[in-house]
Amino acid sequence: MVRRKPKIAVYKFASCDGCQLSVLDLEDELLSIAENFEIAYFLEASRAVVKGPYDIGLVEGSITTPHDAELIKEIRKNCKVLITIGACATAGGIQALRNWRGSAEFMKYVYATPEYIETLDKSTPISDHVPVDFELRGCPINKYQLLEVMSAFLAGRAPNIPNQSVCVECKLRGTVCIVVAQGVPCLGPVTHAGCGAICPAYGRGCYGCYGPKESLNTNALMKRFLELGRSREEVVMSFRLFNAWAPGFREVEAKP
Amino acid sequence: MGASFESEKTCNYFLDPQGFEELILALRGHGYVVYGPVVRDGAIVYDEVESASQLPVGMRDRQGPGYYRLEERGDRAFFGFVVGPHSWKKFLYPPRVKLLTVSKKGEVTLNNGEERKMAFIGVRGCELAAIDVLDRVLLKGPYIDPIYAARKKSLFVVAVNCTEPGENCFCASMGTGPEAKTGYDISLTEVVGDGVHYFVARAGSDEGLSLLKRIGAREATREEVSRAEEKMEESQKSFRKKLNVNGLKELLYRNIESPVYAEVAERCLACTNCTMVCPTCFCTTVEEVTSLNGDVAERWRRWDSCFNLDFSYIHGGSIRSSRLSRYRQWLTHKLATWVDQFGVMGCVGCGRCITWCPVGIDITEEAEKIRRAEVEVAAK
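So the protein lines, in turn, are chains A and B.
Counting from 1, position 103 in the first sequence corresponds to residue 102 in numbering that gives the first Met the number 0; the numbering is continuous, with no gaps.
Counting from 1, position 238 in the second sequence corresponds to residue 237 in numbering that gives the first Met the number 0; the numbering is continuous, with no gaps.
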């Protein structure tokens, strides 16, 4: 008997498509992925759709409309395993900046006839709406981490996606700490690993693309950045990025 | 060690900068890959060197808690700095290493280590002590690490005595420096200034002695030696940081609930930098990965840290969920439980954890605070 290939569906909500592109960017591995999975629903790659239910649903994007909020419930019913990919689906994305202000005012500036727009007041992660089996971090995701998650699924094992700071990745690759050696503010010590510590290797502080790490200490890092000459407002703005709404980053405020 | 070595090991040799260059060339000529300090990204790190000119000539490091900067010394010193963010453990105990490969048919390929002829140039006293600590853990215990053992087997060590301790150095407190004591093939004391620039070299092994002879090093004169000795005497007196190790293990055991830990947890980022830069921290985790088609599985080992939540994960959850408990685990391991485990402290006084902590937490200060807090509590 030939084992049935697991069926994959890739969905998109409010997002830039960067994470889906990371899937397509797995050029050297795509043939092997196609040999081992049936890519059943992936509109960014093909308009051919195979009916569900699906074994794995990969979800990109955050929930921003009443329609999204209903659709994700249907998707959840249709997928045995639901995995979010990227900062939008996992934390609400850059569009969650609206969460501090509400969407009404922004719509007034952006759309000629805002009354045609139906949107929610907040951009929220998938896990606020349905149970999620695994959240893959990153803006965008690291395609090799996605491959690892998919390999782990096939083998029935836990994926190796370490819950550690970006600092560990800097040290494993031998990068000199830019906070210490150059006085550059870097979110690495409070940010979840996964990117391979790319930015510090090029002299740039970590932007926090992979969101908050566990047991993070933003107060202590904030204090250090103030010592390095940054204003409190500047430090807050550095947290208000792709993972602004993630618990841990969300609480960083201009007033202590 | 041969008879020739026994009679000549106390002999001091003279190397001028050209002679030092020949030492590197001779090592390379004997098939060694030579590693030494080089400047990269604003710091002195360890990497492969082919010539003495690649060393941080005329550079000095300024260090403080959470602070490191390079500056010009105004001379041509080869070793006018102390230790940087890298340690030799990255060559002996690599950050990532494949342990084994298994095929679906059940064929297992083990990594039993690969012997490499490596020569380290510029190993400091604290670093020799750190390698000795790793030896105790990885070679002399009940379980020998074949990867470390293979890399250690043909190691050639050129040590450098520290004539100018750095701001965060406290090796004198730990008894590991500033002079290299054992564990080297050749030790060097650099003398630079007043129109002279030379090294006083000593052999620590037969191989070291024969190499010095092969490059034609002459005996150093009494005056050349005494200038080097003066430098080392000055060095001993110029330490700014110290750690009181007197009864330290017992102190830490008595004060497991010290209020100091809660206070340091307010500042600690649990980012792991201290453990990653520590030359003796040897903790790793093991990851198993499979190919998509399931034909091959691999087991990899990589550096891990007691500051990671998952490090203390056992069935049911992680034991050390708070930053407080992780910092306490690290500090008490370095300065207390390590002694019970391996017979020496896990801290060699290199100061890396102080410099490379992004928020500048100082192990010597925290230990001292625990000492003071005990006295204060007793006074109440």
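C-beta atoms are modelled at their ideal positions from N, C-alpha and C, and glycine is treated no differently.
Note that the structure is a prediction, hence the values are computed from the model and not measured.
Within chain A, the residues placing a beta-carbon under 7 angstroms from that of residue 95 of chain B are 171, ordered along the chain. For the C-beta of residue 189 of chain A, the chain B residues within less than 9 angstroms are, from N- to C-terminus, 268, 270. Ranked by Cα distance from residue 5 of chain A, the options A:181, A:78, A:186 are led by A:78. Taking each of A:149, A:171, A:104, A:31 in turn and checking the Cα distance to residue 276 of chain B, the smallest one comes out for A:171. Apart from sequence neighbours up to five positions away, the residues of its chain that approach residue 322 of chain B with a beta-carbon distance below 7 angstroms are 264, 267, 269, ordered along the chain.
If you compare the alpha carbons of B:61, B:134, B:38 with that of residue 351 of chain B, the shortest gap goes to B:61. At least 8 angstroms separates the CB of residue 47 of chain B from every CB of chain A. Under the Cβ criterion (8 angstroms, minimum of three pairs), the stretch 125-136 of chain B does not count as touching the stretch 301-312 of chain B. Residue 278 of chain B: not part of any alpha helix (DSSP H); DSSP gives it neither H nor E.
Inter-segment contact for the stretch 54-67 of chain A and the stretch 90-101 of chain A is present: three or more beta-carbon pairs are separated by less than 8 angstroms. Per DSSP, reduced to three states, the secondary structure at residue 355 of chain B is coil, with no helix or strand assignment. Here DSSP, grouped into helix, strand and coil, assigns residue 185 of chain B to strand. In summary, the residues of the stretch 285-302 of chain B whose CB is separated from some CB of chain A by less than 9 angstroms are 286, 287, 288, 289, 290, 291, 292, 293, 296, 299, 301, 302, in the order they occur in the chain. Contact note: residue 245 of chain A does not reach chain B at a C-beta cutoff of 8 angstroms; the least C-beta distance is about 17 angstroms. Neighbourhood of residue 355 of chain B in chain A, by CB distance below 7 angstroms: 176, 179, in chain order. With respect to the 8 angstroms criterion, residue 186 of chain B and residue 200 of chain B are classified as neighbours on the basis of their beta carbons. Listed in chain order, the alpha helix (DSSP H) elements of length 4 or more contained wholly in the stretch 303-368 of chain B are 322-331, 337-341, 351-354.
Among the residues of the stretch 66-87 of chain B, those with a Cβ less than 9 angstroms away from any Cβ of chain A are 66, 67, 68, 69, 83, 84, 85, in the order of the chain. None of the residues of the stretch 130-141 of chain A has a beta carbon lying less than 7 angstroms from any beta carbon of chain B. Under the DSSP assignment, residue 36 of chain B falls in the beta strand (DSSP E) whose first and last residues are 32-39. The shortest C-alpha to C-alpha distance from residue 72 of chain B to any of B:78, B:63, B:58 is the one to B:58.
Residues of the stretch 23-52 of chain A that bring their beta carbon within less than 9 angstroms of a beta carbon in chain B comprise 28, 31, 32, 34, 35, 36, in sequence order. One Cα belongs to residue 215 of chain B, the other to residue 18 of chain B, and the distance between them is close to 8 angstroms. Spatial neighbours of residue 245 of chain A in its own chain (CB-CB distance under 7 angstroms, excluding positions within 5 residues in sequence) are listed in chain order as 90, 210, 211. Contacts with chain A at 8 angstroms (Cβ-Cβ) do not include residue 137 of chain B.
Contact annotation: residue 206 of chain A and residue 227 of chain A have beta-carbon atoms that are not nearer than 8 angstroms.
Chain-order list of chain B residues neighbouring residue 162 of chain A: 307, 308, 309, by C-beta distance under 8 angstroms.
The count of Cβ pairs closer than 8 angstroms, one atom from the stretch 180-196 of chain A and one from the stretch 325-338 of chain B, stays below three, leaving the stretches out of contact. For residue 18 of chain A, no Cβ of chain B is located within less than 8 angstroms of the residue's own Cβ. Runs of the alpha helix (DSSP H) lying entirely within the stretch 228-296 of chain B, each at least 4 residues long, are 247-253, 258-266, 272-276 in chain order. Taking 8 angstroms as the CB threshold, residue 147 of chain A lines the interface with chain B. By the CB criterion at 8 angstroms, residue 147 of chain A and residue 159 of chain A fall inside the cutoff.
Excluding its 5 nearest sequence neighbours in each direction, residue 151 of chain A has C-beta neighbours in its own chain below 7 angstroms: 157, 158, listed in chain order.
In summary, residue 191 of chain B is buried, with 16 or more beta-carbon neighbours lying within 10 Å of its beta-carbon over all protein chains present.
Along the stretch 208-226 of chain A, the positions whose C-beta sits under 7 angstroms from a C-beta of chain B are 213, 214, 216, 219, 220, 223, read in chain order.
With a beta-carbon spacing of about 7 angstroms, residue 188 of chain B and residue 162 of chain B fall inside the 8 angstroms limit used to define contacts.
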